[in-house]
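Report on one structure; see the data block that follows.
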Amino acid sequence: MTNKLSTAWTEAVESGLVDLAAQSRPLWTVREEKDIGDNEMMELLRIRESLNAQFDRAFTAEMIGKKWMEIRLLFDLKYAMNGYSMEDRGHHIRRDGSLKDDLTESWKLFTKLEFLIDPNAGKKKVTKK
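Mapping of the sequence shown onto our numbering: residues 788 to 916, in sequence order.
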């Protein structure tokens with residue numbers, strides 16, 4: 788009987804990935820596959836070994852890279868939606884006076900990703916062509 792290792796992502800595994808990526812500066816700027824060069828691939832391979840050993844998984848470097856890009860995209864999106872702030876947006880009141888709670892959702896990894904903050908985010912101007 789073959790003991791097949793899992794490739795499922797759990798909250799704990801994602802948190803472990805963020806912890807390892809926090810120590811890996813080359814990955815901080817990776818947003819797309821084209822951003823992955825030799826240095827970034829070496830970091831993904833190092834992270835693969837650590838994650839697989841720590842969580843008894845069978846991830847490939849490609850799987851870890853894709854998950855990292857997903858987490859990075861979600862961070863960039865939530866950071867922009869928060870007005871380029873790490874503060875929770877909290878409750879908002881509708882025009883009719885009722886409370887709009889849907890903005891209080893909490894993403895547990897958001898605060899752990901503070902190392903990804905671009906101090907110039909929100910100041911960049913979009914030029915029209």
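Glycine included, C-beta positions come from ideal geometry on N, C-alpha and C.
Next on the checklist: So Phe846 and Thr794 are supposed to be a Cβ contact under 8 Å. How far apart are they, rounded?
Outcome noted: 6 Å
Checklist entry - From Glu830 to Thr898, what distance separates their C-alpha atoms? => result 22 Å
Item to check | Inter-residue spacing [alpha-carbon to alpha-carbon] between Thr891 and Asp843 | outcome: Unreliable positioning characterises Thr891 in this predicted model, as indicated by a pLDDT of 48, which lies under 50. The coordinate reading is nonetheless provided below. Cα to Cα, the separation comes out at about 34 Å.
Item to check | Same chain, Cβ closer than 8 Å to Lys895, neighbours up to 5 away in sequence not counted | outcome: Glu798, Ser802
Checklist entry - In angstroms, rounded to a whole number, what distance separates the CA positions of Leu919 and Glu836? => result No answer is possible for residue 919: the residues shown for the chain start at 788 and end at 916.
Item to check | Own chain partners of Trp815 with C-beta closer than 8 Å, once the 5 adjacent residues on each side are dropped | outcome: Ala808, Phe902, Leu903
Checklist entry - On the premise that Met856 lies in contact with Val817, defined as a C-beta separation below 8 Å, what is that separation, rounded to the nearest angstrom? => result 6 Å
Checklist entry - Quick one: what's got a C-beta closer than 8 Å to Asp822's C-beta in the same chain, skipping five residues either side? => result Thr816
Next on the checklist: If contacts are defined as beta-carbon pairs under 8 Å, then Val800 and Leu860 qualify, I think. What distance do you get, rounded to the angstrom?
Outcome noted: Val800 to Leu860, Cβ: 18 Å. No contact.
Checklist entry - Can you name the start and end residues of the alpha helix (DSSP H) that Met868 belongs to? => result 848-868
Checklist entry - Taking Cβ to Cβ, would you say Leu886 is nearer than 8 Å to Val805? => result no
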